[in-house]
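Right, one structure below, let's go through it.
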Amino acid sequence: MNNSPQTLELPVHITPGSPYPLGATPDDKGINFAIYADYADGVELCLFDNLTDTKESQRIKMTERFHQVWHVHVAGLKPGQLYGYRVSGPYKPQEGSRFNSNKLLLDPYAKAISGTINWHDSLFGYQIGHPDEDLSFSETDSAPYIPKSVVIEDNFDWEDDQFPKIPYNDTIIYEMHVKGFTKMHPDIPEEIRGTYAAIGHPVTIDYLKKLGITAVELMPVHHFVSDRHLAEKGLSNYWGYNTIGYFAPDARYSSSGTQGQQVHEFKEMVKALHKAGIEVILDVVYNHTAEGNHMGPTLSFRGVDNCSYYRLTEDKRYYMDYTGTGNTLNARLPNVLRLIMDSLRYWVEQMHIDGFRFDLAAALARELHEVNSLSAFFEIIYQDPVISQVKLIAE
Numbered sequence: 002m003n004n005s006p007q008t009l010e011l012p013v014h015i016t017p018g019s020p021y022p023l024g025a026t027p028d029d030k031g032i033n034f035a036i037y038a039d040y041a042d043g044v045e046l047c048l049f050d051n052l053t054d055t056k057e058s059q060r061i062k063m064t065e066r067f068h069q070v071w072h073v074h075v076a077g078l079k080p081g082q083l084y085g086y087r088v089s090g091p092y093k094p095q096e097g098s099r100f101n102s103n104k105l106l107l108d109p110y111a112k113a114i115s116g117t118i119n120w121h122d123s124l125f126g127y128q129i130g131h132p133d134e135d136l137s138f139s140e141t142d143s144a145p146y147i148p149k150s151v152v153i154e155d156n157f158d159w160e161d162d163q164f165p166k167i168p169y170n171d172t173i174i175y176e177m178h179v180k181g182f183t184k185m186h187p188d189i190p191e192e193i194r195g196t197y198a199a200i201g202h203p204v205t206i207d208y209l210k211k212l213g214i215t216a217v218e219l220m221p222v223h224h225f226v227s228d229r230h231l232a233e234k235g236l237s238n239y240w241g242y243n244t245i246g247y248f249a250p251d252a253r254y255s256s257s258g259t260q261g262q263q264v265h266e267f268k269e270m271v272k273a274l275h276k277a278g279i280e281v282i283l284d285v286v287y288n289h290t291a292e293g294n295h296m297g298p299t300l301s302f303r304g305v306d307n308c309s310y311y312r313l314t315e316d317k318r319y320y321m322d323y324t325g326t327g328n329t330l331n332a333r334l335p336n337v338l339r340l341i342m343d344s345l346r347y348w349v350e351q352m353h354i355d356g357f358r359f360d361l362a363a364a365l366a367r368e369l370h371e372v373n374s375l376s377a378f379f380e381i382i383y384q385d386p387v388i389s390q391v392k393l394i395a396e
């Protein structure tokens, strides 16, 4: 581990790269990194060699910016690479800006996340216990306590996988929790109980077929956070309605590893269910994130560009809370709509998901304040050639 990461500015193996697609995208030469941060003054890509590293081995200053997207291509890197971002800019909560480059941030487009948060005061952009609360500024590094984003390669042998495409009127849905459904099952190998592999196991599939169901609706599998107050009581967020990664299957439901292996295991589960003629529907939570209200942690979106992701009140220090969770994603903004649509398309095209159940869909359909069934969110979904063809269920 290198305790003094080197800041690099466009040496031989670093080139400007491309602003599209967002996220970390491997090619035959290396990896392209692109992140949307409209109001940021600077973005640094942080590379980690091992899961146990508490400090990045390299810090690369991203100098290229196109239409609010910062981008760089790093040659020689391969899938499995661990990374995060540090984003700099003004820290003025009263104006909605909460940039703090002392905080390592998860990529909003991360396809995999290496593990879970180890709660610590440094994960907050302000000083815990300070009389000025979130108006204070924290200078402690959060890197040792936050999981890392993982670069994924979208190569998987789907064989001749087919979407079952069962008509709505013939659909019988079984809502299930990935862990809870198999954790205590005596006929499933103990080492995979409570995981994606267990859902795709022949014992599970035989049971589902005997029930006569045609689809499983998985409660949230997007990478989520157990709140600090729960963790400190020895509890956890069991249900998962506290998303921080909209592209990443949660690593806690993986029996095979957390450095990208969870993606492969998830795909194997879907393929096995499809072979049995069973569709896979995801319960998705695009209405809020795990960063909570103004006193919440800085894990990703808040530090990347608070104003560009959340709905803020007239006093921009605070968040509009239509969800009862402390914040609301601002689906009225083009970059947030793009994030949601890119996520949905990814789960259909790359993970072969058959449909979505939108948690608290009304929060996504709000225009100024009122819910509008003809909002931009619904309009863009129904005209999309990919997403409009799968099952869509709104809470």
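The sequence shown begins at 2 in this note's numbering and counts up one residue at a time.
Just so you know, even glycine gets a beta-carbon here, dropped at the ideal spot from N, CA and C.
If you're wondering where the values come from, they're calculated on a predicted model, not measured in any experiment.
Between which residues of its own chain and residue i is the CB-CB distance below 8 Å, once the five residues before and five after are set aside?
| i | result |
| --- | --- |
| Leu393 | Gly356, Phe357, Phe359 and Ile382 |
| Tyr319 | Asn294, His295 and Leu313 |
| Gln262 | Ser255 |
| Gly181 | Gly195 and Tyr239 |
| Leu375 | Note on Leu375: pLDDT 49, under 50, position unreliable in the model; the coordinate value appears next. Here the set comprises nothing. |
| Thr16 | Val73, His74 and Ala76 |
| Leu473 | With the chain covering only 2 through 396, there is no way to say anything about residue 473. |
May I ask you to report which of helix, strand or coil DSSP gives residue i?
| i | result |
| --- | --- |
| Pro250 | strand |
| Gly43 | strand |
| Gly304 | helix |
| Glu192 | helix |
| Gln390 | helix |
| Ser344 | helix |
| Leu375 | Bear in mind that the predicted position of Leu375 carries a pLDDT of just 49, short of 50, making it too unreliable to give a figure here. |
| Ser89 | strand |
| Phe138 | coil |
| Val204 | helix |
| Arg333 | coil |
| His275 | helix |
| Pro20 | coil |
| Tyr320 | strand |
| Leu212 | helix |
| Ala291 | coil |
Check the DSSP bridge columns for residue i and list the partner residues they point to.
| i | result |
| --- | --- |
| Trp71 | Ile36 and Arg66 |
| Asp284 | Arg358 |
| Leu219 | Met177 and Leu283 |
| Ile129 | Ile129 is not bridged to any residue. |
| Leu338 | Note: Leu338 sits in no beta bridge, so no partner. |
| Thr26 | Asn33 |
| Arg99 | Tyr92 |
Rounding to the nearest angstrom, what Cα-Cα distance links residue i and residue j in this structure?
| i | j | result |
| --- | --- | --- |
| Gly138 | Asp39 | Rather than Gly, the amino acid found at residue 138 in this sequence is Phe. Spanning the two alpha carbons is a distance of roughly 21 Å. |
| Ala144 | Lys79 | 21 Å |
| Asp322 | Arg229 | 19 Å |
| Asp122 | Asp155 | 36 Å |
| Arg333 | Ala363 | 13 Å |
| Glu140 | His131 | 13 Å |
| Glu280 | Ile354 | 8 Å |
| Asn4 | Tyr84 | Unreliable positioning characterises Asn4 in this predicted model, as indicated by a pLDDT of 43, which lies under 50. A coordinate reading is not provided. |
| Phe302 | Tyr310 | 6 Å |
| Asp188 | Gly258 | 22 Å |
| Pro190 | Tyr242 | 28 Å |
| Leu212 | Leu274 | 14 Å |
| Pro221 | Ser115 | 18 Å |
| Val387 | Ile193 | 33 Å |
Among the options, which residue has its Cα nearest to the Cα of residue i?
| i | options | result |
| --- | --- | --- |
| Tyr197 | Pro91, Asn238 and Arg253 | Arg253 |
| Val1 | Asn119, His68 and Gln351 | One cannot answer for residue 1 here, as it falls past the ends of the chain, which runs 2 to 396. |
| Tyr347 | Ile147, Ala249, Ser102 and Cys47 | Ala249 |
| Tyr127 | Gly116, Pro109 and Asn103 | Asn103 |
| Ile282 | Asn328, Ile214 and Gly43 | Ile214 |
| Lys149 | Pro165, Asn170, Ile189 and Tyr86 | Tyr86 |
| Glu67 | Phe34, Asp385, Leu300 and Val217 | Correcting the residue identity first, residue 67 is Phe in this sequence and not Glu. Phe67 has its Cα closest to that of Phe34, out of Phe34, Asp385, Leu300 and Val217. |
| Leu300 | Lys56, Leu106 and Asp133 | Leu106 |
| Val75 | His14, Phe379, Met177 and Thr205 | His14 |
| Asp161 | Gly278, Asp28, Phe379 and Ile32 | Gly278 |
| Asp385 | Tyr175, Lys166 and Leu345 | Leu345 |
| Ala216 | Asp284, Pro109 and Met185 | Asp284 |
| Asp142 | Val151, Phe125 and Val152 | Phe125 |
| His289 | Asp158, Lys317, Lys268 and Asn331 | Asn331 |
| Met63 | Ile129, Ile341, Glu45 and Glu396 | Glu45 |
| Ile36 | Lys56, Lys184, Val305 and Leu209 | Val305 |
| Thr205 | Tyr247, Tyr175 and Phe378 | Tyr175 |
| Ala291 | Phe157, Asp158, His223 and Cys47 | His223 |
| Met342 | His202, Tyr110 and Thr326 | Tyr110 |
| Glu266 | Gln59, Asn51 and Ile200 | Ile200 |
| Ser26 | Gly81, Tyr287 and Cys47 | Residue 26 is actually Thr in this sequence, not Ser. It is Gly81. |
| Phe157 | Val264, Gly18, Asn307 and Glu57 | Val264 |
For residue i, which residues from the same chain have a beta carbon less than 7 Å from its beta carbon, with the 5 sequence-adjacent residues on both sides left out?
| i | result |
| --- | --- |
| Gly90 | Tyr40, Ala41, Asp42, Ser98 and Phe100 |
| Ala232 | Trp120 |
Residues in the same chain with beta-carbon distance under 6 Å from residue i, minus the five sequence neighbours each way, listed in chain order, please.
| i | result |
| --- | --- |
| Gln390 | none |
| Gln351 | Asp155 |
| Val70 | Pro20, Ala35 and Tyr37 |
Using a beta-carbon distance below 9 Å, is residue i in contact with chain D?
| i | result |
| --- | --- |
| Asn119 | Structure shown: chain D not included; a single protein chain is present. |
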